[in-house]
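Asks: Chains A and B are the protein sequences, given in the same order.
Here the first sequence is numbered in our numbering, starting from 2 and rising by one per residue.
Here the second sequence is numbered in our numbering, starting from 2 and rising by one per residue.
Cβ coordinates follow ideal geometry from the N, Cα and C atoms, glycine included.
Predicted model only: the values in this text are computed from it and were never measured.
First, the structure itself, so that you have it in front of you.
Protein chains: 2
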Amino acid sequence: MTTDPLVVFTPSGKRGRFAAGTPVLTAARQLGVDLDSVCGGRGICSKCQITPGYGEFSKHGVTVAADALSEWNAVEARYDEKRGLKPGRRLGCQARIMGDVVIDVPPESQVHKQVVRKAASARVIAMDPATRLYFVEVEEPDMHEPSGDFERLARALKREWGIEGIRADLSLLSKLQPVLRKGKFQVTVALHRGHQGESAQVLDIWPGLHEGGLYGLAIDLGSTTIAAHLTNLETGEVAASAGIMNPQIRFGEDLMSRVSYAMMNPGGDREMTAAVREAINTLAGEVAGEAEIDAGLIVEVVFVCNPVMHHLLLGIDPVELGQAPFALATSRSMALGARELDLGTLNPRAQVYILPCIAGHVGADCAAVALSEEPGKSEDLALIVDVGTNAEILLGDRTRVLACSSPTGPAFEGAQISSGQRAAPGAIEAIRIDPATKEPRFRVIGCDKWSDEAGFLDEVGAGGITGICGSGIIEAVAELRLAGLLDESGLMGSAEITGTARMIPEARTHAYLVHDGTAEGGPRITVTQGDIRAIQLAKSALYAGARLLMDARGVDRVDRVVLAGAFGAHISPLHAMVLGMIPDVPLDKVTSAGNAAGTGARIALCNVAARREIERVVGEITKVETAIEPKFQEHFVAANAIPHKTDPFPELNKIVTLPQVSFNTGGDTGGRRRRRG
Amino acid sequence: MTTDPLVVFTPSGKRGRFAAGTPVLTAARQLGVDLDSVCGGRGICSKCQITPGYGEFSKHGVTVAADALSEWNAVEARYDEKRGLKPGRRLGCQARIMGDVVIDVPPESQVHKQVVRKAASARVIAMDPATRLYFVEVEEPDMHEPSGDFERLARALKREWGIEGIRADLSLLSKLQPVLRKGKFQVTVALHRGHQGESAQVLDIWPGLHEGGLYGLAIDLGSTTIAAHLTNLETGEVAASAGIMNPQIRFGEDLMSRVSYAMMNPGGDREMTAAVREAINTLAGEVAGEAEIDAGLIVEVVFVCNPVMHHLLLGIDPVELGQAPFALATSRSMALGARELDLGTLNPRAQVYILPCIAGHVGADCAAVALSEEPGKSEDLALIVDVGTNAEILLGDRTRVLACSSPTGPAFEGAQISSGQRAAPGAIEAIRIDPATKEPRFRVIGCDKWSDEAGFLDEVGAGGITGICGSGIIEAVAELRLAGLLDESGLMGSAEITGTARMIPEARTHAYLVHDGTAEGGPRITVTQGDIRAIQLAKSALYAGARLLMDARGVDRVDRVVLAGAFGAHISPLHAMVLGMIPDVPLDKVTSAGNAAGTGARIALCNVAARREIERVVGEITKVETAIEPKFQEHFVAANAIPHKTDPFPELNKIVTLPQVSFNTGGDTGGRRRRRG
């Protein structure tokens with residue numbers, strides 16, 4: 002009796018002996034090797050491609066002969082002819098083990114393939130979406146053993162894939178019979194894994210082998226913009242991304258004005274709900290169009306959003322979120338049908354998952370940041386700030402994570418700033434003011450040159466400079482301070498005091514002229530005293546929120562700062578610290594996480610275990626309510642000033658060494674603001 | 002140390018000792034005594050009324066002193082003043098145990114109270130509906146421990162009622178916050194027990210204690226009529242019943258013509274679906290109006306229906322049910338939201354349960370008959386026949402149950418009969434023909450007198466006799482045979498041969514004149530040769546179905562026959578056997594079960610365990626498909642004749658002793674009919 006051939010799979014290293022003639026796919030399944038297959042080994046889906054290795058594999062103690070696998074067969078030849086197989090590849094369901102062999106499973110043949118995220122520091126996402134495709138052969142009906150078509154589909158899924166118990170809604174049942182017959186009782190189903198305790202749900206069914214792919218949407222539903230990433234649920238690749246304005250803006254710029262709109266206008270919440278749902282439908286159609294896929298192939302959606310957006314999306318009046326004690330209607334994660342949200346553009350049975358909210362002011366967007374950045378797994382104490390109209394702030398390490406939200410207002414997004422605008426071509430995004438001459442130089446979005454470089458105006462055109470975006474205004478205020486044009490209290494000096502004609506009178510205060518494009522028909526771009534005040538309010542709120550978490554944690558410094566959000570990605574950490582937006586840390590300890598909320602949504606879309614994880618994590622986060630905490634107000638007031646720090650920023654000292662300046666004027670309205678509630 | 006007081010509950014006999022001062026409700030709960038309470042012992046719902054007994058209870062070995070319970074308290078006094086307490090009654094949550102006591106729980110205070118069904122032979126229904134009311138006090142929101150209102154509702158239900166895990170749809174979540182606040186965080190919820198593995202669902206919520214009741218609908222969705230019983234889910238009482246015509250009749254009289262309509266007209270199935278759903282909404286509105294309740298209090302619906310009605314209700318094209326192999330889209334029981342069936346008249350979150358189908362021709366209505374009549378628990382071999390446009394037939398005892406459906410057509414319901422009409426006032430429902438004079442006498446619905454009794458015409462009026470209903474035509478055909486006016490093959494004789502002027506010529510055959518009301522402006526009511534043929538076809542189909550089951554069971558007689566259905570309740574068993582509709586059994590072994598399918602629906606509405614039971618039972622029933630069984634055709638042809646049996650019917654011999662008669666004519670079209678498929 003000879004020994005059965007030895008099979009070693011890479012990269013897993015799993016190995017075993019199998020009778021000669023065993024298909025590679027069968028061996029992989031028995032060993033628990035992660036080798037994909039939709040058709041269940043019928044040689045039609047081509048998902049189980051493998052690469053056999055030949056020759057000496059001393060690491061594995063195997064020498065592979067040229068005839069270790071069965072010969073290339075007709076199924077493989079036909080597939081290669083029609084679609085093309087990469088050189089060296091075989092179909093795992095066709096190739097049979099004839100001798101000792103080493104078999105590599107390439108990444109694209111792994112079910113739980115890993116998707117590398119762009120941010121270098123971030124973890125990879127293991128593909129394990131809630132919805133997968135399964136090809137099955139269903140028994141034909143038999144009068145003598147009567148049973149429903151759906152029950153026979155369930156039996157086939159159990160027999161061929163080991164799936165116990167399925168369910169389907171009426172719209173699926175109504176198409177089941179014609180599809181089964183069209184496919185001659187061979188069909189592909191999209192099966193959505195049940196939520197806790199529920200059976201799996203058939204989301205769609207196609208005759209024969211469905212090769213059109215399966216898609217999901219990760220949606221970051223912000224107060225101002227809605228961003229969607231269309232993701233291939235088989236590969237994890239982003240097929241298209243798009244963003245649109247949140248149409249609720251016409252009901253109120255910020256969250257509290259939308260809550261007010263709902264309170265003042267009966268049915269106002271329903272208007273806003275209808276508006277946002279329509280926008281999401283439009284957005285879904287756009288990304289599907291861009292990726293050239295049928296939007297009906299979108300079977301999953303994950304939403305992240307703040308609590309007010311959360312309630313308005315769900316059709317719940319957000320009135321309770323506008324007043325203490327800021328009670329959410331529900332805080333836990335939501336799993337529901339897209340139809341319940343009127344998302345008619347998608348597959349009619351598409352499933353929605355919404356991350357849990359943390360508290361009345363700290364939403365699913367913050368939960369998504371926690372899922373993406375994992376403060377609870379950090380060795381050092383990390384402060385994570387997601388800057389938007391509200392700032393979501395997380396502070397934590399392996400021992401404990403705290404969260405709060407701080408109402409920064411829209412100034413950081415360029416709103417309520419005299420020359421402010423969104424980050425778009427023509428917006429000044431970076432600015433430097435020479436401490437000696439007080440002259441500015443700047444860079445606008447859409448042009449790589451600085452304004453004092455040759456050819457800048459040729460590229461941009463004077464009329465092409467349209468305003469200042471969020472990152473530009475932060476740099477402008479910090480640079481004004483560093484150039485001695487602004488005192489610690491945030492007051493700008495006159496031309497006489499500061500010695501520069503760039504300081505121009507405006508009402509009873511002064512403004513700094515950044516750029517005058519009026520001769521060319523463009524705008525005159527200034528930073529006014531009002532702009533300074535708006536930024537001071539915003540940065541004080543952000544800083545106060547961070548301090549409150551530090552108090553709760555009992556620390557007065559953090560080890561690192563992560564700036565999240567589209568805006569966070571463009572902030573200059575140095576200027577942010579000059580301004581006092583964030584606590585002091587060494588500059589190399591400030592990193593950008595990009596759109597961490599959106600990334601969290603993508604993770605939850607691609608990996609169901611991540612949903613369970615964030616539900617658990619959210620339950621363990623300590624929630625801090627800023628609105629009722631007297632110390633928040635204290636920190637807020639204390640953070641209003643812009644002290645000129647020389648330490649710990651040696652980089653700054655290389656740029657400027659200026660005396661403290663102080664101006665004396667009247668007419669300042671001070672740094673107080675009304676708190677909501 | 003004294004011994005704690007002894008408490009004995011009747012009728013359960015449960016007993017135990019409790020510390021003096023323990024409320025009766027608490028003692029009942031600890032002992033597992035079935036004592037209702039919605040408010041959880043707060044003295045507001047009055048569901049926990051009990052009757053203490055005083056004096057000597059030798060059976061229980063207890064002597065009850067006058068002060069065995071605490072004194073009547075303010076809560077009880079207020080309740081008595083406002084609503085009135087029956088003499089001797091106490092509120093179980095207020096009365097405290099002070100000494101040995103015997104406490105009776107009256108039926109209306111039992112959660113699982115039993116509802117006695119009208120049919121004397123039938124079992125009682127123990128109330129255990131899927132949806133119940135629960136009063137709870139929810140914690141108010143706390144900013145320092147943020148949690149959603151829904152999560153706090155869930156906690157309250159767990160704390161006060163031990164219910165683990167609840168869910169709700171968006172429409173409930175959107176009303177949750179205002180209702181909680183209106184009720185000052187005291188609310189009543191209607192909670193629907195989850196289907197297997199699912200958590201319970203909040204169907205509705207009311208501020209404070211909801212006293213408006215909770216209702217369910219049991220709907221028997223027939224091809225011809227739709228009947229609804231509005232049932233109080235707390236008491237089990239039927240609050241109102243109503244029936245309307247199935248509007249699908251305009252698309253086809255019988256099932257197969259409706260399937261044909263769907264096959265011939267694209268979208269025809271959707272037209273029929275919309276029509277039946279609209280009719281159900283109307284019917285629900287009617288019964289709610291009759292009972293003077295808000296239809297929004299209807300939170301449950303149970304449907305029983307045949308497979309074609311089942312598919313059309315669900316919005317599934319029934320085309321596969323019109324052709325071999327008669328594949329159902331799904332055969333298992335269905336649990337879904339009423340909204341999915343567009344039943345907008347009901348509570349927006351009302352839950353629907355549809356009994357399982359047995360086979361492609363044997364529907365949920367037959368399953369409901371099995372649930373009501375329980376052939377699987379019968380000691381003797383029972384044949385259960387539910388007569389309608391299709392007959393559902395069950396044969397079984399404790400060892401095994403078989404089922405089939407037989408296409409009798411609508412003749413038994415008075416359709417396709419020349420003078421036929423539905424069972425309504427004015428219809429002849431019983432008829433006797435004197436074997437000597439050949440003269441008829443009859444009774445019409447709405448009048449207790451026979452037509453030959455004095456004052457009959459005064460009561461009915463000649464024009465008030467409008468036609469013959471199903472039971473009337475069966476009796477007429479049997480009586481014609483017994484009176485020698487009809488031969489064994491079903492052929493009627495002429496006036497010359499039979500010697501009565503009541504036999505009048507009609508086309509090339511003859512008709513029997515039952516009643517001529519033309520002088521008074523009424524119809525001329527006859528039984529034509531065509532009517533005889535229609536009844537022969539129907540009775541042959543019914544008999545052949547029963548025989549097929551007897552063959553499959555290997556028997557040639559049954560022990561008893563149960564006639565179910567509204568029609569079955571009015572059939573004369575004697576005439577049915579003369580006709581050969583049902584196998585011969587002693588007359589006292591033929592019983593009527595009334596509307597057994599409707600009763601099955603009511604059982605499933607009132608008791609969730611019954612749903613699980615019928616799902617199990619249906620899986621064990623042997624399905625027999627009549628359409629493909631060659632022996633069905635054999636039995637069908639053999640059953641066409643109407644032999645004049647003198648045995649085992651001595652009763653008949655008392656009425657008539659006639660010679661066999663035989664007529665000779667041409668023009669008979671014979672007893673063959675097209676089979677479906």
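Per the DSSP calculation, V9(B) is bridged to which residue(s)?
Replies: DSSP output for V9(B) lists R16(B), V103(B) as bridge partner(s).
Asks: Check the Cβ-Cβ distances between F711(A) and every residue of chain B, and say whether any is below 7 Å.
Replies: Any answer about residue 711(A) is impossible in this case: the structure gives chain A only from 2 up to 678.
Asks: For S407(B), does the three-state DSSP call read helix, strand or coil?
Replies: Strand, per DSSP.
Asks: Taking 7 Å as the CB-CB limit, is I317(A) close to chain B?
Replies: Yes, I317(A) lies at the interface with chain B (some Cβ there is under 7 Å from its Cβ).
Asks: Quick one: does G361(B) have its CB under 7 Å from some CB of chain A?
Replies: For G361(B), the answer is yes, since a Cβ of chain A falls inside 7 Å of its Cβ.
Asks: Does the stretch 440 to 449 of chain B touch the stretch 537 to 545 of chain B, meaning 3 or more C-beta pairs lie closer than 8 Å?
Replies: No, because fewer than three Cβ pairs between the stretch 537 to 545 of chain B and the stretch 440 to 449 of chain B fall closer than 8 Å, the two stretches do not touch.
Asks: Does any C-beta atom of chain A lie closer than 7 Å to the C-beta of L177(B)?
Replies: With 7 Å as the cut-off, L177(B) counts as an interface residue toward chain A.
Asks: Under 9 Å between beta-carbons, which chain A residues line up against D205(B)? List them in chain order, please.
Replies: Neighbours of D205(B) on chain A: none; closest Cβ ~16 Å, over 9 Å.
Asks: Once the 5 residues before and after T23(A) are set aside, which same chain residues still bring their CB inside 7 Å of it?
Replies: Closer than 7 Å at the Cβ level, and outside the excluded window around T23(A), lie R97, I98.
Asks: Would you report the Cα separation of E161(B) and E235(B), rounded to the nearest angstrom?
Replies: Their Cα atoms are separated by approximately 20 Å.
Asks: Do you know how far the Cα of A365(B) is from the Cα of A512(B)?
Replies: About 40 Å.
Asks: What does DSSP give as the partner residues of W207(A) in its beta bridges?
Replies: Bridge partners of W207(A): T189(A).
Asks: Is any beta-carbon of chain A found at less than 7 Å from that of M1(B)?
Replies: Absent from the model: residue 1(B). The displayed extent of chain B is 2 to 678, so no value can be given.
Asks: Roughly how far, in whole angstroms, is the beta-carbon of I526(A) from the beta-carbon of S420(A), given that I think they are within contact range, below 8 Å?
Replies: The pair is a contact, with the Cβ atoms about 4 Å apart (cut-off 8 Å).
Asks: Compare the C-beta of K624(B) with all C-beta atoms of chain A and state if any pair is closer than 7 Å.
Replies: Yes - at least one Cβ of chain A is within 7 Å of the one on K624(B).
Asks: On the premise that A539(A) lies in contact with G410(A), defined as a C-beta separation below 8 Å, what is that separation, rounded to the nearest angstrom?
Replies: Yes, G410(A) and A539(A) are in contact; Cβ-Cβ is about 5 Å, under 8 Å.
Asks: Could you check whether the stretch 604 to 617 of chain B touches the stretch 466 to 481 of chain B, counting it as contact only if at least three pairs of C-beta atoms, one from each stretch, sit closer than 8 Å?
Replies: No contact exists between the stretch 604 to 617 of chain B and the stretch 466 to 481 of chain B.
Asks: DSSP state of I536(A), grouped into three classes?
Replies: It is helical.
Asks: Taking 7 Å as the CB-CB limit, is F151(A) close to chain B?
Replies: F151(A) counts as touching chain B.
Asks: Interface residues of chain A around L337(B) at Cβ under 8 Å?
Replies: D170, L171, listed in chain order.
Asks: Strictly below 7 Å CB to CB, what residues from chain B border Q143(A)?
Replies: The sequence shown places Asp at residue 143(A), not Gln. Going along chain B in sequence order, the residues near D143(A) (Cβ under 7 Å) are P326.
Asks: State the start and end residues of the unbroken beta strand (DSSP E) segment that holds C607(A).
Replies: Segment 597 to 607 is the alpha helix (DSSP H) holding C607(A); no beta strand (DSSP E) there.
Asks: In the DSSP assignment, the alpha helix (DSSP H) including R525(B) goes from what residue to what residue?
Replies: Careful: R525(B) lies outside any alpha helix (DSSP H), inside the beta strand (DSSP E) at 525 to 529.
Asks: Taking the C-alpha atoms as reference points, what is the distance between T627(A) and L382(A)?
Replies: Cα-Cα distance, rounded: 21 Å.
Asks: Ignoring anything shorter than 3 residues or poking outside the stretch 38 to 92 of chain B, list the beta strand (DSSP E) runs there in chain order.
Replies: Segments of the beta strand (DSSP E) lying fully in the stretch 38 to 92 of chain B: 50 to 54, 56 to 58, 63 to 65.
Asks: Near K655(A), what residues of its chain come up, given a Cβ to Cβ distance below 8 Å and the 5 sequence neighbours on each side ignored?
Replies: With a pLDDT of only 41 at K655(A), under the threshold of 50, the placement of this residue in the model should not be trusted; the figure read from the coordinates follows. The answer is none, since no qualifying residue turns up.
Asks: Have a look at R251(B) and T11(B) and give me their C-alpha separation to the nearest angstrom.
Replies: Those two C-alpha atoms are separated by around 56 Å.
Asks: Check the C-beta distance from G100(A) over to P6(A) and give it rounded, since I have them as a contact under 8 Å.
Replies: With a Cβ gap of about 5 Å, G100(A) and P6(A) count as contacting.
Asks: On the CB-based measure, 16 or more other CB atoms within 10 Å of its CB, does T499(B) come out buried or exposed?
Replies: When all chains shown are included, T499(B) counts as buried.
Asks: Identify the continuous alpha helix (DSSP H) that holds F151(B) and give its terminal residues.
Replies: Element bounds for F151(B): 150 to 162.
Asks: So, at 7 Å on beta carbons, what are the nonlocal neighbours of I629(A) in its own chain, with the 5 sequence-adjacent residues on each side left out?
Replies: If we look at I629(A) and ignore the five residues flanking it on each side, its Cβ neighbours are A325.
Asks: Ends of the beta strand (DSSP E) at P441(B)?
Replies: Here the beta strand (DSSP E) through P441(B) covers 441 to 445.
Asks: Curious, which full-length beta strand (DSSP E) runs of at least 3 residues does the stretch 340 to 427 of chain B contain?
Replies: Whole beta strand (DSSP E) segments, 3+ residues: 352 to 355, 383 to 387, 392 to 398, 401 to 407.
Asks: The alpha helix (DSSP H) that contains L181(A), what's its start and end?
Replies: Element bounds for L181(A): 171 to 183.
Asks: Compute the Euclidean distance between the alpha carbons of F327(A) and M144(B), then round it to the nearest angstrom.
Replies: Roughly 7 Å between the two C-alpha positions.
Asks: Should Y154(B) be flagged as near chain A, meaning a C-beta pair shorter than 7 Å?
Replies: Note on identity: in this sequence residue 154(B) is Leu, with Tyr being the wrong assignment. No, no contact with chain A.
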